[in-house]
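In the working numbering, the protein residues as written are 2 to 293.
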């Protein structure tokens, strides 16, 4: 009897998910218009609608990455403390020697002077990093911690590079990736479709992303890590050419080109390839072209 009830519940869940997939307001591949090529294809090899499993994985991911940063949430504050702790372990106490009197800092939340310097060294705009997460949300903070813990050598290089603003780049990258992959509240998705459709994934690109979600629960973080590494390499190549600056006008084109490359690579991937290996290879080829 209990087994029958469980089967009924499973069936109900499957029906609910199926209905959600068919609901234009909730399924990105349903919102986007099919390409002419996809319309003319009469076989299933060019059907870019999400399967039930793909849609569920996508929806679960979306729920995790759309929350804003909330300084009243203890778990959010804990994540922020972990980033500070990691940065301190790498930067040490050398920052106490800097004169903070000439720095424009907004030191709310009773942040001490040493922490203010660490936050600024990490690339936040002020001594209170909480105000910088508006665009990237909690996801951008979680990504910063993920990258710092899983790519410590690269993280160390980035935060020790005077002109590379790690936090600013990560927050901007996370925002653009959320826009690209429809990982935003529904009202924002509708606005993006209307005003910046070119920044969004095509049905094929989103289908490919969701296909690979099944085998990697950290896929979004791993993809962002590959893209961030490329951005840093490209930035350093410009520094080596004598461009010793770091501001929005310089870093934004680098981030935008990295996202455009991601669109191209996701459009070109197939199910027989390993996505992250392909991305690393393609970004490396792209970087080597820059060096020539």
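A virtual CB, placed ideally from N, CA and C, is assigned to each residue, including glycine.
{"Item": "Exposure label - residue 138; buried when at least 16 CB within 10 Å", "Value": "buried"}
{"Item": "For residue 138, the three-state DSSP class (helix, strand or coil)", "Value": "helix"}
{"Item": "Where residue 193 falls: helix, strand or coil (DSSP)", "Value": "helix"}
{"Item": "Whole-angstrom distance between residue 82 and residue 197, CA atom to CA atom", "Value": "35 Å"}
{"Item": "Closest Cα partner of residue 270 within the set 260, 283, 258", "Value": "283"}
{"Item": "Own chain partners of residue 65 with C-beta closer than 8 Å, once the 5 adjacent residues on each side are dropped", "Value": "140"}
{"Item": "Given residue 222 as reference, the closest of 267, 208, 174 once Cα atoms are compared", "Value": "174"}
{"Item": "Backbone CA spacing between residue 210 and residue 114 [nearest angstrom]", "Value": "43 Å"}
{"Item": "Close Cβ partners of residue 92 (< 8 Å) along its chain, the five nearest in sequence each way excluded", "Value": "119, 122, 160, 161"}
{"Item": "8 Å Cβ cutoff met for residue 276 and residue 213", "Value": "yes"}
{"Item": "Residue interval of the alpha helix (DSSP H) (run including residue 215)", "Value": "First-last for residue 215: undefined, no H or E at that position."}
{"Item": "Option nearest residue 127 by Cα separation, candidates 135, 149, 117, 180", "Value": "117"}
{"Item": "Opening and closing residue of the alpha helix (DSSP H) in which residue 181 lies", "Value": "167-181"}
{"Item": "Whole-number beta carbon distance between residue 201 and residue 176, since they are thought to touch under 8 Å", "Value": "Their Cβ separation, rounded to whole angstroms, is 13 Å, which puts residue 176 and residue 201 out of contact at 8 Å."}
{"Item": "Reduced DSSP secondary structure (H/G/I, E/B, other) of residue 236", "Value": "helix"}
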